[in-house]
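Chains E and Z are the protein sequences, given in the same order.
For the record, in the first sequence the residue sitting at position 204 is 204 according to my numbering, with numbers rising by one throughout.
For the record, in the second sequence the residue sitting at position 99 is 99 according to my numbering, with numbers rising by one throughout.
Note that beta-carbon positions come from the ideal geometry of N, C-alpha and C, so glycine has one too.
Computed from a prediction, not measured in an experiment: that's the story for all the values here.
There are 2 protein chains.
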Amino acid sequence: MSIERVAIIGLGLLGGSVGLAVAEHLPGVATTGYDADPDVRRRAAERGLVGTVCDTPEDAVAEADLVVLCVPVGAMGAAARSFAAALPEPAIVSDVGSSKQSVGQALAEALPGRCVIPAHPVAGTERSGPDAGFASLFHRRWCILTPPADADPAAVAQLSTFWEALGAKVETMDAAHHDLVLAVTSHIPHLIAYTIVGTASDLEDVTRSEVIKYSAGGFRDFTRIAASDPTMWRDVFLTNRDAVLEMLGRFTEDLTALQRAIRRDDGEALFDLFTRTRDIRRSIVEQGQDDARPDFGRADH
Amino acid sequence: MSIERVAIIGLGLLGGSVGLAVAEHLPGVATTGYDADPDVRRRAAERGLVGTVCDTPEDAVAEADLVVLCVPVGAMGAAARSFAAALPEPAIVSDVGSSKQSVGQALAEALPGRCVIPAHPVAGTERSGPDAGFASLFHRRWCILTPPADADPAAVAQLSTFWEALGAKVETMDAAHHDLVLAVTSHIPHLIAYTIVGTASDLEDVTRSEVIKYSAGGFRDFTRIAASDPTMWRDVFLTNRDAVLEMLGRFTEDLTALQRAIRRDDGEALFDLFTRTRDIRRSIVEQGQDDARPDFGRADH
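Here you go:
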């Protein structure tokens, strides 16, 4: 069996991008899609995010070889239950959620005995909704599969091949390890960005207008991340709570040490850290995980 | 008197960009430059960052109407002393440093009775050194002047005109207020970025290779800022200590409140903040302070 019909549940940034990427890279594969919001379904049809936009989740999955859930991680279980009765027996069910232990558990409970292989393409932008997706979102990005211990190796291989066809590089790991890694490379950065943007908004002695005018000093970078979808991120923090709290504890310890160095005028400690952190940037650019141009190649240069 | 000869002390990202911007926007203005590092002087001459690269700071300022100090804020006093004896009587001395109370004090002490008007163009990239500068760095960015209370209004007006000619928008404010505003829009964002990149590097249960591979989930944005010049930033934190510690206290209070919300499963508190922070991004883009394209217009889209 190979994947010839893909159903996409949830047609926002990720779902729309999966649909457009399939159309571009796998033109022989048919796509169906569903979104709980009728306005999103209408817009998805206008943009052609999938071949057929269906009015019910059951219709969308009825003939699918692969179902990709692209809804906030807190909504995965309910979404899976909504089409469980119509799901073809051999179909692979996967997702794109940012926390994997909770999603794996929710899908296993909603679809007992079915072939569930959670996945997480590490890609996105600050935009959301049916107008945000684009076909190249997964190019050169990593997609992490977290198959359960008893997963069918042939199904895992098929899902890998699918993501590679969309331009992604595939890695497989344990769901618990995924949740720890992503807590530090994604969840804590988002939490910190949301926090500092909130802190800046609430100041009394610095006006909001000043924060906006002088944002090019560094702050504006954080506002991009802090413009990400609120529902998606609320769910990520609540479903990956333990790993987030663990990594947050380490971050605040390190921040407190720097605060102490500043208070004690310990320039050497600051200089040492600031020198050490340059290497990681270099490696990220060398490995194609970020734009090599200064300032991300922003338009004003 | 109008500004016809500009001396630039320090020929890194900022100094080089001032020189190139003068050449582009004020072709009738002569520029001289000096850098303490002979390799930087050689490279500055090769790139033509200024009209004449001088071998001593005295030579560079000898006929200047305006001297712009572009060295780390901790080195401003020593740099000013190095050319004090050769400084023409009516010359304006200014700078581009990120903390203004300490720079104002250091320059006033080094150049008693002279016309000192500290300034801070809120612009930069993560690059540093004589290869990093470019003529459009100041386009549409704000330049903040913090003239002392007894500054000559005509000199302040000349300096404003100079920065406007380079493409900047000019604002004047009290140095103490500047230091508070920039603590939140620039210094704390840098401190946080350096910290999280350091935290991620030091983990035992997540490898450095994993941090790099999955950095597109948000972390990579922080690595750009954390690749900024270590000497410059060490000096900023040591010279703007009070404002940085004050703003850091507010940030950690807010972060602790979010940590508590996650621990208590309070999705509403998270959702409220995450919704509120979107507006600031919109305003920053509307006011031309950031690239309107998703993901800063990174190359892979």
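Thinking just about the alpha-carbon of each residue, which of the options is nearest to the one in residue i?
i: Pro148 of chain Z; options: Z:Ser102, Z:Thr275, Z:Arg43; result: Z:Ser102
i: Leu273 of chain E; options: Z:Asp242, Z:Thr195, Z:Phe222; result: Z:Thr195
i: Asp65 of chain E; options: E:Ala299, E:Leu166, E:Ala86, E:Ala123; result: E:Ala86
i: Val29 of chain E; options: E:Ser2, E:Gly124, E:Asn240; result: E:Ser2
i: Phe237 of chain Z; options: E:Trp163, E:Ala84, E:Glu268, E:Arg5; result: E:Glu268
i: Ala176 of chain Z; options: Z:Ser283, Z:Asp266, Z:Ser98, Z:Gly51; result: Z:Ser98
i: Ser128 of chain E; options: E:Asp229, E:Ala110, E:Asp179; result: E:Asp229
i: Pro88 of chain E; options: E:Ala75, E:Val67, E:Lys100, E:Val71; result: E:Val67
i: Arg306 of chain Z; options: Z:Cys70, Z:Val53, Z:Leu191; result: Lying outside 1 to 301, the shown extent of chain Z, residue 306 of chain Z is not represented and no answer is given.
i: Asp221 of chain Z; options: E:Asp35, E:Cys70, E:Ile280, E:Leu69; result: E:Ile280
i: Arg250 of chain E; options: Z:Glu204, Z:Ala292, Z:Asp265, Z:Ser94; result: Z:Glu204
State buried or exposed for residue i, treating a residue as buried only when at least 16 other CB atoms are found within 10 Å of its CB.
i: Pro90 of chain Z; result: exposed
i: Pro112 of chain Z; result: exposed
i: Ser186 of chain E; result: buried
i: Arg42 of chain E; result: exposed
i: Pro38 of chain E; result: exposed
i: Pro189 of chain Z; result: buried
i: Gly48 of chain E; result: exposed
i: Thr277 of chain Z; result: buried
i: Arg298 of chain E; result: buried
i: Thr239 of chain Z; result: buried
i: Ala75 of chain Z; result: buried
i: Gly124 of chain Z; result: buried
i: Ala292 of chain E; result: exposed
Suppose contacts are defined by Cβ-Cβ distances below 9 Å. Is residue i in contact with residue j by that definition?
i: Ser245 of chain Z; j: Ile262 of chain E; result: As written in the sequence, residue 245 of chain Z is Leu, which differs from the Ser given in the question. It is a contact, given that the beta carbons lie within the stated cut-off.
i: Gly33 of chain E; j: Ala79 of chain E; result: no
i: Thr146 of chain E; j: Gly104 of chain E; result: yes
i: Ala18 of chain Z; j: Val96 of chain Z; result: Residue identity differs from the one stated: residue 18 of chain Z is Val in this sequence, not Ala. Contact flag set, yes.
i: Ala155 of chain Z; j: Ala193 of chain Z; result: no
i: Thr31 of chain Z; j: Val40 of chain Z; result: no
i: Leu182 of chain E; j: Val122 of chain E; result: yes
i: Phe271 of chain Z; j: Thr231 of chain E; result: yes
i: Asp290 of chain E; j: Thr223 of chain Z; result: yes
i: Pro294 of chain Z; j: Glu126 of chain E; result: yes
i: Ala45 of chain E; j: Gly16 of chain E; result: no
i: Asp35 of chain Z; j: Gly51 of chain Z; result: no
i: Val184 of chain Z; j: Met247 of chain Z; result: yes
Given this structure, state the Cα-to-Cα distance separating residue i from residue j, to the nearest angstrom.
i: Leu107 of chain E; j: Arg234 of chain E; result: 19 Å
i: Asp152 of chain Z; j: Met173 of chain Z; result: 15 Å
i: Arg282 of chain Z; j: Thr275 of chain Z; result: 12 Å
i: Val6 of chain E; j: Arg141 of chain E; result: 21 Å
i: Glu63 of chain Z; j: Ser82 of chain Z; result: 15 Å
i: Leu26 of chain E; j: Glu4 of chain E; result: 9 Å
i: Glu286 of chain Z; j: Leu137 of chain Z; result: 19 Å
i: Ala110 of chain E; j: Ala84 of chain E; result: 7 Å
i: Glu164 of chain E; j: Val170 of chain E; result: 7 Å
i: Asp150 of chain Z; j: Val71 of chain Z; result: 25 Å
i: Cys143 of chain Z; j: Ile92 of chain Z; result: 16 Å
i: Gly288 of chain Z; j: Ala168 of chain Z; result: 12 Å
i: His139 of chain Z; j: Ile284 of chain Z; result: 15 Å
i: Val53 of chain Z; j: Leu20 of chain Z; result: 13 Å
i: Asp265 of chain E; j: Leu69 of chain Z; result: 24 Å
i: Lys100 of chain E; j: Leu14 of chain Z; result: 45 Å
i: Thr252 of chain E; j: Ala243 of chain E; result: 14 Å
i: Ser94 of chain Z; j: Ser94 of chain E; result: 60 Å
Got a sec: does the ligand GTP put a non-hydrogen atom nearer than 8 Å to the Cβ of residue i?
i: Ser215 of chain Z; result: Absence of the ligand GTP from the depicted structure is noted, as is the absence of any ligand whatsoever, leaving it without description.
Checklist entry - If we count Cβ pairs, one from each stretch, closer than 8 Å, do we get three or more for the stretch 252 to 261 of chain Z versus the stretch 204 to 223 of chain E? => result no
Item to check | Contact between the stretch 51 to 58 of chain E and the stretch 195 to 205 of chain E (3+ Cβ pairs under 8 Å) | outcome: no
Checklist entry - Okay, do the stretch 125 to 136 of chain E and the stretch 202 to 211 of chain E touch, 3+ Cβ pairs below 8 Å being the bar? => result Pairwise C-beta distances place the stretch 125 to 136 of chain E out of contact with the stretch 202 to 211 of chain E, as fewer than three of them are shorter than 8 Å.
Next on the checklist: Check whether the stretch 108 to 126 of chain Z and the stretch 149 to 159 of chain Z are in contact - that is, three or more C-beta pairs closer than 8 Å.
Outcome noted: Yes, they touch.
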